[in-house]
Amino acid sequence: MVCVFSIKHSNMAFSQMVREEALVACGRHCCLCHRFVGTKIECHHIEPESGGGDDSLANCMPLCFDCHAEVQHYNHRHPKGTSFRASELRSHRDRWFRRVSDTTLAIFDNERRAVDRDLFERLKEEIPESLARQLLKEQCWGQPISSATLDRVYSIDRFLERLDSEFLDPTCEGYRAEFFHAYRAFWKNDDFAQISPLDHNPDFYPIPKEWMQSGNPEIRQQFFDCMNKLNHLSTKAFEVYERMIRDLRRLLIIR
Ligand SMILES: [Zn+2]
6 MVCVFSIKHS NMAFSQMVRE EALVACGRHC CLCHRFVGTK IECHHIEPES GGGDDSLANC
66 MPLCFDCHAE VQHYNHRHPK GTSFRASELR SHRDRWFRRV SDTTLAIFDN ERRAVDRDLF
126 ERLKEEIPES LARQLLKEQC WGQPISSATL DRVYSIDRFL ERLDSEFLDP TCEGYRAEFF
186 HAYRAFWKND DFAQISPLDH NPDFYPIPKE WMQSGNPEIR QQFFDCMNKL NHLSTKAFEV
246 YERMIRDLRR LLIIR
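The numbering of the sequence shown is our numbering, which starts it at 6 and goes up by one.
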């Protein structure tokens, strides 16, 4: 049986050869967020067919499922945020392809390893193990948090998204990206969205404490569900942090 949707899209597909070339060029990392995603990767048309895009390698950008959804689902009729322009996507793609080919052409040389080692030290300064443990593992998100804690949550995010916080080596960069992703999955979560950094009360409740005190058992349950979810996501982010530190040490040969 032929699916109607496949007919609709049949004239809009990369050949096996183009896909393979693109996947080798990106090392199966997402070209936008840089995570290593293995088989969970899709080839995106930078310029859609409706905008004159073709099925060539030049128009192909491997993306993880999350980034693909984000790039595709921008609604021009109800714009929220800023959509990705084709030129912007292309420069992200080219930059990532270059980084992967740089490492495969020359062996990861000492000079570049030194740059990545410096960054590793900076990363550990910005997010020391003790801080990561305190914020992501020991903090219960059903409890109030101080504005200082909230500031730290923000500053870690700002550090992780800066361009100069990226590793040159794609494998190392994949670990940073993986942590950034897990970290954001936790605190950019809808349950956390209600906290404003401008709110300078001494203590914040990440989840409204009125929910916990409510006479309605469903609302109380909602409180505990949110708390469990945030605690689960932050613990997961801490596991990714520990793995990142361990693997970066190994890759950068740091004792
Ligand atoms: Zn991605």
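Beta carbons are placed, not taken as given, at the ideal position from N, Cα and C, and that holds for glycine.
Cβ neighbours of residue i in the same chain (closer than 6 Å, five flanking residues each side left out)
i	result
Arg123	Correcting the residue identity first, residue 123 is Asp in this sequence and not Arg. Answer for Asp123: no residue qualifies.
Asp60	Phe19
Phe270	A question about residue 270 goes unanswered here, because the residues of the chain that appear run from 6 up to 260.
Own chain partners of residue i with C-beta closer than 7 Å, once the 5 adjacent residues on each side are dropped
i	result
His97	Cys36 and Leu37
Cys69	Cys35, Cys38, Arg40, Val42, Lys45 and Ile46
Gln227	Trp216
Phe125	Leu253, Leu257 and Ile259
Arg157	Leu136 and Leu140
Residue interval of the alpha helix (DSSP H) (run including residue i)
i	result
His73	Phe70 to Gln77
Lys129	Asn115 to Glu131
Gln21	Gln21 to Cys31
Phe184	Pro175 to Trp192
Lys241	Pro222 to Leu256
Glu143	No alpha helix (DSSP H) contains Glu143, which DSSP labels as neither H nor E.
Rounded separation between residue i and residue j - CA only
i	j	result
Ser160	Ala242	16 Å
Arg165	Lys129	First, the amino acid is wrong: residue 165 is Leu here, not Arg. Their backbone Cα atoms lie some 12 Å apart in a straight line.
Leu173	Ala30	15 Å
Ala74	Phe19	18 Å
Arg104	Gln139	34 Å
Ser170	Val120	11 Å
Asp107	Ile224	54 Å
Tyr180	Gly32	14 Å
Arg255	Ile51	36 Å
Met117	Ser219	Correcting the residue type first, residue 117 is Arg in the shown sequence and not Met. About 57 Å.
Arg251	Gln144	22 Å
Ser55	Arg248	43 Å
8 Å Cβ shell around residue i - same chain, five flanking residues per side excluded
i	result
Arg24	Cys48 and Cys65
Lys142	Ser239, Thr240 and Phe243
Residues bridged to residue i (per DSSP)
i	result
Met66	His49
Ile267	Any property of residue 267 remains undetermined from this structure, which presents the chain solely from 6 to 260.
Phe41	His34
Beta-carbon proximity of residue i to residue j, cut-off 9 Å
i	j	result
Leu238	Phe191	yes
Tyr246	Ile132	yes
Glu134	Ala187	no
Trp101	Asn236	no
Pro67	Leu28	yes
Leu155	Phe209	yes
Arg127	Asp162	no
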